[in-house]
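Input: a single structure, listed below in structure tokens.
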Amino acid sequence: MPASLYRPSTTVFWPLDCRESGYVFGWCNNNQRVQSIVVTGVVQILTLAVDLEVRAVLQRLNDKRQQYACLADLGELKILGRCSFDYWGRSDLVVPELKLVDIRATGYKIVYYHRHPASSLRFYSIDAFNDIVTPMSRQRSGINQDVVKQLNVASIINTAVLEPSSTSSVLNVTHSSSTMNRTTKTITTQMSDLLFNALLMSQSTFSRPAQSICNAHVLSKFPLKNMSLSANGQGGRVEIYSKEYTSFFNTVWLILNDITIGYAFGRFLCENHEVLATMLKEFVERALCWLDSWPAGLKLNTELSSFYSGTFVDLVNVWGGVLRHIIFPYLSNTIYIFGLVSSFGALIGMGGMTMSIALFYDMFVFFTLHIYVCYVIAVVAFEKALWGLGSLWRLFRGKRFNVLRNRTDSWEYDIDQLLFGTILFTLLAFLFPTVLAYYALFALSRLAMILTQASLEIQLAFMNHFPLFTLVLRLKDPWRIPGGMYFDFVEVIVHADANEVASVGEDESNSNEASWRLRRQFENTKDPVTTLIPVMKNQPVTFQRIFFQYARLWSQLASHYHPFRLIKSLLLGRLLVPIPGNGMNLKSHKVVL
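For the sequence shown, UniProt numbering assigns the number 1 to the initial residue and increments by one for each residue that follows.
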């Protein structure tokens with residue numbers, strides 16, 4: 001096979017399913033370095049009337065391409081030349097012999113591509129969706145974005161040219177219909193904005209997690225926000241429609257799963273509300289009795305332990321009285337109401353599993369308020385005791401901290417200062433284990449509370465943002481969520497003189513005589529040879545890029561709840577706080593679903 005066939009000067013993108021002989025039409029893209037030709041289809045011009053009809057269709061498409069969303073900024077459609085197939089009695093894939101018009105190079109290379117119909121929602125993309133997976137930096141070299149758009153609309157243009165009567169229905173580009181579509185979309189968008197703003201205002205009284213759930217931001221993607229859920233409604237731009245299609249049905253799946261799981265959980269609460277209320281009541285009562293004694297059976301300083309125990313027990317008893325006399329008598333009915341909201345609240349747009357998780361989050365924070373108050377008191381006492389031990393230890397060793405130089409220097413103390421400091425250090429050193437025991441008790445309780453809150457917020461993030469539909473498409477049909485492109489090679493039959501290119505002047509290509517001249521120039525090919533031809537395919541998006549939001553979320557959780565960081569905070573007596581709300585919100589990592 002001649003080497004000139006693979007000169008990088010001109011690239012011909014040929015549809016893999018096109019094996020008819022005739023005249024090819026499509027786009028010819030020229031720039032300073034390379035020339036690329038995108039073959040949209042082949043038409044068999046048998047009569048002069050057919051030739052004129054095809055040219056009229058192409059001219060009509062070119063004249064109105066600014067009205068066609070799928071043709072805007074894609075260049076001029078025209079007849080590129082002639083192709084011929086000779087299978088030699090074989091069923092293998094055969095490279096066409098091309099007689100191209102208006103090509104500036106002496107050779108070309110053929111790259112096959114899949115001409116997907118618009119109904120399949122398959123398309124080419126240089127990189128992945130920004131709204132579905134993590135974006136990638138686009139390299140300067142490679143296939144031009146305009147060429148990719150031409151490949152995606154090739155099937156639509158081929159249908160419009162071969163079936164002129166269906167051009168309007170395929171492209172859906174009449175000015176009146178587009179105006180009506182925009183008007184309808186504007187009205188429905190305003191109505192939906194009023195509806196969702198009212199929903200968000202009604203949720204403003206909820207807590208922070210409740211404001212971020214209930215699918216309020218998820219519902220903003222409901223059909224009222226985007227009425228043109230059809231390929232024709234996007235002007236034939238399959239990649240735009242496929243993106244909205246995937247995002248829309250991913251949202252629908254999330255809402256349906258939320259309602260389904262919430263209904264099952266709600267029925268469980270309704271059927272076991274009395275048992276659950278009894279368990280919660282007895283657990284709190286046992287915890288109150290246990291806190292009234294020495295923690296974990298440790299023998300601590302009696303006087304200080306009595307002071308700590310009395311203070312904490314009084315706080316716990318006050319809160320326990322509130323729970324026993326105000327909350328627990330209605331706890332069974334409260335759980336039953338939560339079950340009803342989880343089961344049937346979806347009918348008013350405020351139910352589902354996310355609602356149950358948010359309510360449980362609020363109940364958990366409310367029921368453990370006394371533990372948090374005791375923890376703050378224990379932290380303050382532990383921090384002061386630790387700070388006092390450090391200062392007295394430096395005095396005991398004859399040292400003093402120099403705040404100007406931020407270092408510890410030697411210092412001469414009076415004998416009275418040394419004696420008094422030694423007495424205080426000894427006293428505080430013997431009392432410190434009791435302070436440490438109570439601090440450890442409430443610090444570990446606070447740590448368990450924070451981890452529980454973090455797990456609940458992670459569940460909310462999964463329920464609201466899990467890319468379920470995208471994941472199913474990745475397993476079922478990876479072509480619909482491309483993560484890039486790559487070239488595969490297939491074995492094909494190439495004619496020995498396939499590198500011959502017939503160049504015709506600009507004036508001749510616009511006349512009917514040029515078509516007949518190309519037909520007369522066509523000659524039978526020689527014996528075929530077998531070679532490898534590249535086929536452009538989609539690179540399936542990786543699972544790592546699909547779950548990039550959760551990878552970022554996990555990195556933030558790992559940094560905030562790192563064991564070394566938590567241990568350091570516990571040893572230094574710092575307050576343990578949950579991760580900020582914006583850190584748990586996957587919307588801050590997006591580029592929605």
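Heads up, the beta-carbon is just placed ideally off N, CA and C, and yes, glycines get one too.
In the DSSP assignment, Thr11 falls outside any alpha helix (DSSP H) and lies within the beta strand (DSSP E) extending over 10 to 15. A direct Cα-to-Cα measurement between Leu473 and Pro482 gives close to 10 Å. DSSP places Leu451 in the helix class (H, G or I) of the three-state scheme. Look at the stretch 524 to 567 and you find these whole runs of beta strand (DSSP E), each 3 residues long or longer: 528 to 540.
One thing to note: Met485 has its Cβ within 8 Å of the Cβ of Gln539. Closest by C-alpha distance to Cys374, out of Leu571, Leu418, Trp319, is Trp319. The Cβ-Cβ distance between Val541 and Asp488 does not fall below 8 Å. At a Cβ-Cβ threshold of 8 Å, Leu447 and Leu576 count as neighbours. Assignment of alpha helix (DSSP H) within the stretch 321 to 387, counting only whole runs of 4 or more residues, yields 331 to 344, 353 to 367 in chain order.
According to the DSSP secondary-structure assignment, Arg400 is paired through a beta bridge with Asp409. Residue burial annotation: Pro329 is exposed, with fewer than 16 other C-beta atoms found within 10 angstroms of its C-beta. By the C-beta criterion, the stretch 381 to 400 is judged to be in contact with the stretch 409 to 420, since at least 3 inter-stretch pairs fall below 8 Å. In the DSSP assignment, the residues bridged to Leu100 are Gly81. In the DSSP assignment, Tyr23 falls within the unbroken beta strand (DSSP E) covering 22 to 30.
Between Leu254 and Asn464, the C-beta spacing is below 8 Å. Three or more Cβ pairs drawn from the stretch 432 to 447 and the stretch 304 to 315 lie within less than 8 Å of each other, which places the two stretches in contact.
Per the C-alpha coordinates, the member of Glu97, Asp73, Ser242, Asp17 positioned closest to Phe469 is Ser242. Boundaries of the beta strand (DSSP E) around Ile110: 109 to 113. In the DSSP assignment, Gly266 falls within the alpha helix (DSSP H) that extends over 238 to 271. Spatial neighbours of Leu389 in its own chain (CB-CB distance under 8 Å, excluding positions within 5 residues in sequence) are listed in chain order as Phe425, Leu428, Ala429, Phe432. Residue pairing for Pro482: DSSP places it in a beta bridge opposite Pro540.
A distance below 6 Å between beta-carbons, with the five flanking residues on each side excluded, links Pro117 to the following residues of its chain, in chain order: Ser155.
In the DSSP assignment, Gln35 forms a beta bridge with Thr10, Asn30.
DSSP places Phe487 in the strand class (E or B) of the three-state scheme.
Setting aside the 5 residues that flank it on each side, Ala443 is surrounded in the same chain by Leu570, each with a C-beta closer than 6 Å to its C-beta; the list follows chain order. Assigned with DSSP and collapsed to three states, Gly310 falls in helix.
Exclusion of the five residues before and after Gly75 leaves Trp27, Cys28, Asn29, Asp146, Gln150 as the residues of its chain whose Cβ lies within less than 8 Å of its Cβ.
At a Cβ-Cβ threshold of 8 Å, Pro467 and Asn250 count as neighbours. Contact between Ile335 and Leu269 holds, with the beta-carbon distance rounding to 5 Å and staying under 8 Å.
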